[in-house]
Amino acid sequence: MVFGKLFKKRPAKRPGGDKADRGLLVFENTSEVIRAEKMLTAEGWHIKVMGPPPEIQRGCDLVLEFPLIEELNIRRSLEDAGTAPLEVVPVTGPLLSPVDLFQVKDFGEHLMVRAANMKITVEKSTRTIVNISGGGCPDVPYIAARLIGHTLDDAPRPRDIGHTLCGYALNLAFDKAVEQCSP
Numbered sequence: 024m025v026f027g028k029l030f031k032k033r034p035a036k037r038p039g040g041d042k043a044d045r046g047l048l049v050f051e052n053t054s055e056v057i058r059a060e061k062m063l064t065a066e067g068w069h070i071k072v073m074g075p076p077p078e079i080q081r082g083c084d085l086v087l088e089f090p091l092i093e094e095l096n097i098r099r100s101l102e103d104a105g106t107a108p109l110e111v112v113p114v115t116g117p118l119l120s121p122v123d124l125f126q127v128k129d130f131g132e133h134l135m136v137r138a139a140n141m142k143i144t145v146e147k148s149t150r151t152i153v154n155i156s157g158g159g160c161p162d163v164p165y166i167a168a169r170l171i172g173h174t175l176d177d178a179p180r181p182r183d184i185g186h187t188l189c190g191y192a193l194n195l196a197f198d199k200a201v202e203q204c205s206p
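Taking my numbering, the leading residue of the sequence shown gets 24, the next gets one more, and so forth.
1) Just the C-alpha distance for Val-111 and Gly-172, rounded to the nearest angstrom, thanks.
2) Could you tell me the alpha carbon to alpha carbon distance between Gly-190 and Met-135, rounded to whole angstroms?
3) Given that a residue counts as buried once 16 or more other Cβ atoms are within 10 Å of its Cβ, and exposed if not, what is Lys-28?
4) Distance check for Pro-108 and Gly-176, CA to CA, integer angstroms please.
5) Kindly indicate the opening and closing residues of the alpha helix (DSSP H) around Ser-156.
6) Could you work out which residue in Val-153, Ala-59, Asn-140 and Ile-79 is closest to Leu-195 when comparing CA atoms only?
7) For Asn-52 and Ala-59, what's the separation of their Cα atoms in angstroms?
8) Leaving out five residues on either side along the sequence, give the residues of the same chain with a beta carbon under 6 Å from the beta carbon of Val-153.
9) Give me the Cβ distance between Ile-70 and Glu-55, rounded to the nearest whole Å; I'm assuming they're in contact under 8 Å.
10) Quick one: what does DSSP say Pro-77 is sitting in, helix, strand or coil?
11) Mind checking Ala-65: buried by the 16 CB within 10 Å criterion, or exposed?
Listed below in structure tokens is the structure:
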């Protein structure tokens, strides 16, 4: 019976559970983060848009978390595309952990998803968008008018009709709402 414990399968580590193998790409502005995210995702890199930890905030509200072992290849891709980061920071401890942009709140019949400063509320049974809030960017009222009353399947994607950080953040919330409301 002692041998049973020796050869027992250990549970796999949760993805992202150990941040020591992750790094953060810090950019000068949000449009560079969005451009880099689109490019790296299209190339097949496993990256995640996050909020920067307070220790490395440089004015931009977003950073990209990436596999640190791929730093050289990712830097080369970004530099070739003219979107080099200001800084690359290894995630070495809890103080440098990026902030998750998402908060999901279930209100029974409704689900609210917050990404950064933008919120989308959906009626779960019909998947109808009932409210958009947050931001402060000039395109938020327009995006809200185009989305409210439509289902998640029929509504235009916020990234296709918005042009600011608020539109980008709302698109992240929209995608999370689609994921959360899927059967």
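For every residue, glycine included, the Cβ atom is placed at its ideal position computed from N, Cα and C.
Walking through what the data contain:
1) 42 Å
2) 17 Å
3) Reliability fails at Lys-28, whose pLDDT of 48 lies under 50, so the model's placement of it is uncertain and no value is given.
4) This sequence places Asp at residue 176; Gly is not what is there. Answer to the nearest angstrom: the Cα atoms are 35 Å apart.
5) Careful: Ser-156 lies outside any alpha helix (DSSP H), inside the beta strand (DSSP E) at 151-157.
6) Asn-140
7) 11 Å
8) Thr-144 and Glu-146
9) Not quite, the Cβ-Cβ distance comes to about 14 Å (not below 8 Å), so this is no contact.
10) helix
11) exposed
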